[in-house]
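Student: Let me give you the structure first, and then I'll get to my questions.
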Amino acid sequence: MALVLAAGSDGHFLAITTVGGNVGLDLTTANALALREFLALDVPVIRGTSADAVDAAHVHGASGLGGALLPPAVRPADPGQAADFIVSSLRAAPGEITLVAVGPLTNLAHAVRLEPRIAEWARDLVVMGGTYGPGTEFNIRTDPAAAATVFGAGWTVTMVGLDITRTAQVTTSVLERMRGFGRLSEDLLLPAVQRYAPVTDTGGPALHDAMALAHVLDPGLLTLVPASVTVDPSGATLVDFEPGDRPNALVATALDVERFWDLLIAAFGRAAARVA
1 MALVLAAGSD
11 GHFLAITTVG
21 GNVGLDLTTA
31 NALALREFLA
41 LDVPVIRGTS
51 ADAVDAAHVH
61 GASGLGGALL
71 PPAVRPADPG
81 QAADFIVSSL
91 RAAPGEITLV
101 AVGPLTNLAH
111 AVRLEPRIAE
121 WARDLVVMGG
131 TYGPGTEFNI
141 RTDPAAAATV
151 FGAGWTVTMV
161 GLDITRTAQV
171 TTSVLERMRG
181 FGRLSEDLLL
191 PAVQRYAPVT
201 DTGGPALHDA
211 MALAHVLDPG
221 LLTLVPASVT
231 VDPSGATLVD
241 FEPGDRPNAL
251 VATALDVERF
261 WDLLIAAFGR
271 AAARVA
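Last residue of the sequence shown: 276 in the numbering used here, with the numbers rising by one and none dropped.
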């Protein structure tokens, strides 16, 4: 869903990097390649790495794309490795690139270890992950050591966690707005969403990853509060909203829900034209 939003926006997207997460690295890479061709995205796809073999296929289906069945990609992954690409890209354009992390933070942690100055070179880092309430979130829990490295790297992390992503769910009325986009609707949006979780009049799946990218495209969507965030070995994000003079994060605490859906549906309409 985040990549569909990318395809339907007028932002400049530099690349897609892959990481093991909801399914293994081979499948996440194959999915990124298939989506690149399906959505006619002319950007490199750079293979990354993965932490231990933890996945969420029980939620996202064996393929990682729910019920969506896209044609396999013809074009292979581009050469290189994700962490190296992140470092070289930020070095070449300091202050210009925003990183949007919508999976485990394994690649970013590798990049930080390779070159700690990327924390100074990135324009912003937006992470879909964590929670300021009780419990843990999958992306952080999958590689808590990487998350601890990233949050402690010296930049200000914009954290878009489950507390906020769950406030915008695909209800039956939202699902109706996703229909009518031809192959985009029939081959991707509807089967992916409906496999993810039941859709009812009052609730349904949340499009977590898309919200992180939506914030970059429309910074007015979220209310952000300075905080100090640390990550414990279990993957819990410990958020202190009274950080004194040492905040390392801006944590999303509220969302303009209707504005979010309007942004997504408009982008889906533009992305559908690319598919056609």
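We put the beta carbon where it would ideally sit given N, CA and C, even for glycine.
All figures in this text were calculated on a predicted structure; none of them were measured in a lab.
Using the beta-carbon count (16 or more within 10 Å), is residue 105 buried or exposed?
Tutor: Residue 105 sits at position 105 when you count from the first residue of the sequence shown. Buried, because 16 or more other Cβ atoms sit within 10 Å of the Cβ of residue 105.
Student: Leaving out five residues on either side along the sequence, give the residues of the same chain with a beta carbon under 6 Å from the beta carbon of residue 36.
Tutor: Position 36 of the sequence shown holds residue 36. Cβ within range, chain order: 45.
Student: May I ask you to report which of helix, strand or coil DSSP gives residue 16?
Tutor: The residue labelled residue 16 in the question sits at position 16 within the sequence shown. Note: residue 16 maps to strand in three-state DSSP.
Student: What residue from 242, 24, 210, 114 has the CA that sits closest to residue 257's CA?
Tutor: One-based indexing of the sequence shown puts residue 257 at position 257. Here the closest residue by C-alpha is 210.
Student: Would you kindly report the start and end of the unbroken beta strand (DSSP E) that includes residue 223?
Tutor: In the sequence shown, residue 223 corresponds to position 223, counting from 1. Residue 223 -> beta strand (DSSP E) spans 222-231.
Student: Helix, strand or coil for residue 73 per DSSP?
Tutor: As a working note, residue 73 is residue 73 in the sequence shown. It is coil, neither helix nor strand.
Student: How about residue 275 and residue 38: are their beta carbons less than 8 Å apart?
Tutor: Locating residue 275 in the sequence shown gives position 275, where the first residue counts as 1. Locating residue 38 in the sequence shown gives position 38, where the first residue counts as 1. Yes, Cβ-Cβ distance for residue 275 and residue 38 is below 8 Å.
Student: Hey, residue 61 and residue 195 are a contact pair by Cβ (cut 8 Å); roughly how many whole angstroms apart?
Tutor: Along the sequence shown, one-based indexing puts residue 61 at 61. Along the sequence shown, one-based indexing puts residue 195 at 195. Confirmed, about 6 Å.
Student: May I ask you to verify whether the region 122-140 touches the region 74-82, counting CB pairs closer than 8 Å and requiring at least 3?
Tutor: As far as the Cβ criterion goes, the region 122-140 does not touch the region 74-82, which means the pair count is below three.
Student: If I'm right that residue 27 touches residue 267 with Cβ under 8 Å, what's the distance once you round it to whole angstroms?
Tutor: Indexing the sequence shown from 1 puts residue 27 at position 27. Indexing the sequence shown from 1 puts residue 267 at position 267. In fact, because the Cβ distance is near 25 Å, the residues do not count as touching under 8 Å.
Student: Using beta-carbon positions only, say whether residue 222 and residue 160 come within less than 8 Å of one another.
Tutor: As a working note, residue 222 is residue 222 in the sequence shown. As a working note, residue 160 is residue 160 in the sequence shown. Yes. Within cutoff.
Student: As a quick exercise: from 177, 197, 107, 206, pick the residue whose alpha carbon is nearest that of residue 269.
Tutor: Looking up residue 269 in the sequence shown gives position 269. For the residues 177, 197, 107, 206, the minimum Cα distance to residue 269 belongs to 177.
Student: Would you kindly check if the distance between the Cβ of residue 250 and the Cβ of residue 231 is under 8 Å?
Tutor: By 1-based counting over the sequence shown, the position of residue 231 is 231. By 1-based counting over the sequence shown, the position of residue 250 is 250. In this structure, residue 250 does not lie closer than 8 Å to residue 231 by Cβ.
Student: Could you check whether residue 172 and residue 255 sit closer than 8 Å to each other, using their CB atoms as the reference points?
Tutor: The residue given as residue 255 occupies position 255 in the sequence shown. The residue given as residue 172 occupies position 172 in the sequence shown. It is not a contact, given that the beta carbons lie outside the stated cut-off.
Student: Exposed or buried, residue 235, counting other C-beta atoms within 10 Å across all chains shown (16 or more means buried)?
Tutor: Residue 235 sits at position 235 when you count from the first residue of the sequence shown. By the neighbour-count rule (16 or more Cβ atoms within 10 Å), residue 235 is buried.
Student: From the DSSP output, in three-state form, read off residue 197 for me.
Tutor: Position 197 of the sequence shown, counting from 1, holds the residue named residue 197. Correct three-state label for residue 197: coil.
Student: Decide if residue 205 is buried, meaning its Cβ has at least 16 other Cβ atoms within 10 Å, or exposed.
Tutor: Working through the sequence shown from its first residue, we reach residue 205 at position 205. Burial call: buried.
Student: What number of angstroms, rounded off, separates the C-alpha of residue 102 from the C-alpha of residue 128?
Tutor: Taking the first residue of the sequence shown as 1, we reach residue 102 at position 102. Taking the first residue of the sequence shown as 1, we reach residue 128 at position 128. Going from the Cα of residue 102 to the Cα of residue 128 covers about 5 Å.
Student: Is the beta carbon of residue 117 sitting closer than 8 Å to the one on residue 97?
Tutor: Locating residue 117 in the sequence shown gives position 117, counting from the first residue. Locating residue 97 in the sequence shown gives position 97, counting from the first residue. No, they are not a contact pair.
Student: For residue 22 versus residue 55, is the C-beta distance shorter than 8 Å?
Tutor: Residue numbering aside, residue 22 sits at position 22 when the sequence shown is read from its first letter. Residue numbering aside, residue 55 sits at position 55 when the sequence shown is read from its first letter. Contact: yes.
Student: Is it the case that the Cβ atoms of residue 202 and residue 162 are separated by a distance below 8 Å?
Tutor: Stepping through the sequence shown from its first residue, residue 202 is reached at position 202. Stepping through the sequence shown from its first residue, residue 162 is reached at position 162. No, the pair does not count as a contact, with Cβ atoms beyond the cut-off.
Student: Should residue 241 be labelled buried (16 or more other beta-carbon atoms within 10 Å of its own) or exposed?
Tutor: Start at 1 with the first residue of the sequence shown, and residue 241 comes out as number 241. Burial call: exposed.
Student: Residue 7 by DSSP, collapsed to three states: which one?
Tutor: Sequence index remark: in the sequence shown, residue 7 carries index 7 (1-based). Three-state DSSP puts residue 7 in a helix.
Student: DSSP three-state label for residue 42, please.
Tutor: Walking along the sequence shown from the start, residue 42 turns up at place 42. It is coil, neither helix nor strand.
Student: Cα-Cα, which of 66, 51, 157 is closest to residue 186?
Tutor: Walking along the sequence shown from the start, residue 186 turns up at place 186. Ranking the options by Cα distance to residue 186, first place goes to 66.
Student: Determine the direct distance from the alpha carbon of residue 233 to that of residue 41, and round the result to whole angstroms.
Tutor: As a working note, residue 41 is residue 41 in the sequence shown. As a working note, residue 233 is residue 233 in the sequence shown. Their Cα atoms are separated by approximately 37 Å.
Student: Applying the criterion that 16 or more other CB atoms from any shown protein chain within 10 Å of the CB defines a buried residue, is residue 220 buried or exposed?
Tutor: Within the sequence shown, residue 220 is the residue found at index 220, counting from 1. Exposed, because fewer than 16 other Cβ atoms sit within 10 Å of the Cβ of residue 220.
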